[in-house]
Every structure is written in structure tokens, then in C-alpha cells.
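J.: In this text, residue positions in the sequence shown follow the numbering used here: the first is 263, and each later residue adds one.
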Amino acid sequence: MDIKFDFTIDGDPVAWKRPQYSGRSRKFYTHEKVRAWQTHISSQAHANMEWGTIPEVPTKSALELNMDFYMKRPKSLPGKVTHHTKRPDAENLGKAVADALEDILYYNDSQVVKQSVSKQYGEEPGVHIWGVIREGET
263 MDIKFDFTID GDPVAWKRPQ YSGRSRKFYT HEKVRAWQTH ISSQAHANME WGTIPEVPTK
323 SALELNMDFY MKRPKSLPGK VTHHTKRPDA ENLGKAVADA LEDILYYNDS QVVKQSVSKQ
383 YGEEPGVHIW GVIREGET
């Protein structure tokens, strides 16, 4: 039996960035903006668990994950421009969300067998996440 999920995270999307190495502390660290965005996604996903829009337990099954990112439209941008073709790129936006949903929606993002990511200008910034958990398919 397939399980559908559908929820929205409000806020300015932040793209995943490669962890940086600090020579002083000799450790790798995640950028603060990325960490804050992923924490926000996690807290909103947990709230959606309580509302019943996503399963309460991470799945071990295969899943399809779709993400539509909505970016703020600059006031100086001509009205005829409809596509968001500037940075950040869609792939890294999706990576940040996929990593943040680990241990919440699924155990590892390798379980995602089909992924779709789009970005466009919108009234309110955020990301709409939806998909299907393919129960019984591991």
C-alpha cells in the first residue's frame, strides 16, 4: 500500500554547501545558514507529523520525493521574467531538504528512488514537499 505525504515549509530556501574545513580547530563544519534552514525543516516536519500529513515513523521503504521551491521575486525584476535562473541551483536546494528529512521521513536519502526539484518565483518563499512512500519496496 502506498502512503502519500504533502506539506509545506515556509521561509527563505537555503542551498546545501560543501562542509568547510577549519584549520584552526582541525574539524569540518556545516555553514550556519544551511544548519539553521535544516533545523527549521526538521521542526516543521515534526509539526506535520503531529498534524498527520506525514508518517510518524521514518520508513525503510523506497519513496518518491518532489520539491517545489518558491523564491522571493526581486522588485527590480521585469514582469516578463517567469523562471528563476539565478543561484542557488535546484540540485543543491533539494540536497539540503533531503538531508534535513533523514531520520524523520526516511532513514537515508538513498531510499529516494525518484526525485523532482523545481524552483520558481512565488509570493511567499518556501518549499512544497510531496511524494509517495512505496510500502513493501525496499
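Heads up, the beta-carbon is just placed ideally off N, CA and C, and yes, glycines get one too. Owing to the predicted nature of the structure, the values given are computational and were not obtained by experimental measurement.
In angstroms, rounded to a whole number, what distance separates the CA positions of Pro336 and Gln300?
T.: On the sequence shown, residue 336 is found 74 positions in, with the first residue counted as 1. On the sequence shown, residue 300 is found 38 positions in, with the first residue counted as 1. Cα to Cα, Pro336 sits roughly 24 Å from Gln300.
J.: Would you tell me roughly how many angstroms separate the C-alpha atoms of Lys322 and Tyr368, rounded to the nearest one?
T.: Looking up residue 322 in the sequence shown gives position 60. Looking up residue 368 in the sequence shown gives position 106. Cα to Cα, the separation comes out at about 6 Å.
J.: The beta strand (DSSP E) that contains Gly393, what's its start and end?
T.: For the purposes of this step, residue 393 is taken as residue 131 along the sequence shown, with counting starting at 1. Judged by DSSP secondary structure, Gly393 falls within the beta strand (DSSP E) whose first and last residues are 388 to 396.
J.: State buried or exposed for Trp278, treating a residue as buried only when at least 16 other CB atoms are found within 10 Å of its CB.
T.: Numbered from 1 along the sequence shown, position 16 holds the residue referred to as residue 278. The residue in question, Trp278, is buried, as its Cβ has 16 or more Cβ neighbours within 10 Å.
J.: Could you tell me the alpha carbon to alpha carbon distance between Gln382 and His346, rounded to whole angstroms?
T.: For this step, residue 382 is matched to residue 120 along the sequence shown. For this step, residue 346 is matched to residue 84 along the sequence shown. Distance between the alpha carbons of Gln382 and His346 is about 5 Å.
J.: Looking at Ala309: is its Cβ nearer than 8 Å to the Cβ of Leu363?
T.: What you label residue 309 is simply residue 47 of the sequence shown in a count that begins at 1. What you label residue 363 is simply residue 101 of the sequence shown in a count that begins at 1. Against a cut-off of 8 Å, the Cβ pair of Leu363 and Ala309 comes out as no contact.
J.: Specify the secondary structure class of Leu325 as computed by DSSP and reduced to three states.
T.: Within the sequence shown, the letter at position 63 stands for residue 325. Three-state result, Leu325: strand.
J.: Cα-Cα, which of Ala352, Val343, Glu326, Asp330 is closest to Asp373?
T.: Walking along the sequence shown from the start, residue 373 turns up at place 111. Asp is not the amino acid found at residue 373; the sequence shown has Gln there. Closest option to Gln373, judged by alpha-carbon separation, among Ala352, Val343, Glu326, Asp330: Glu326.
J.: Please state the DSSP three-state secondary structure of Asp268.
T.: In the sequence shown, counting from the first residue as 1, residue 268 sits at position 6. Three-state DSSP puts Asp268 in a strand.
J.: For Glu386, which of Asp264, Asp272, Lys357, Asp268 has the nearest alpha-carbon?
T.: For the purposes of this step, residue 386 is taken as the residue at position 124 of the sequence shown. The shortest Cα separation from Glu386 among Asp264, Asp272, Lys357, Asp268 belongs to Asp272.
J.: Do the CB positions of Pro320 and Ile265 come within less than 8 Å of each other?
T.: The residue labelled residue 320 in the question sits at position 58 within the sequence shown. The residue labelled residue 265 in the question sits at position 3 within the sequence shown. No, Cβ-Cβ distance for Pro320 and Ile265 is not below 8 Å.
J.: In terms of alpha-carbon separation, which member of Thr344, Arg286, Gln377 lies closest to Leu355?
T.: Start at 1 with the first residue of the sequence shown, and residue 355 comes out as number 93. Nearest option by C-alpha distance: Gln377.
J.: Report the residue from Glu312, Ala352, Lys289 whose alpha carbon sits nearest the alpha carbon of Met329.
T.: In the sequence shown, residue 329 corresponds to position 67, counting from 1. Ranking the options by Cα distance to Met329, first place goes to Ala352.
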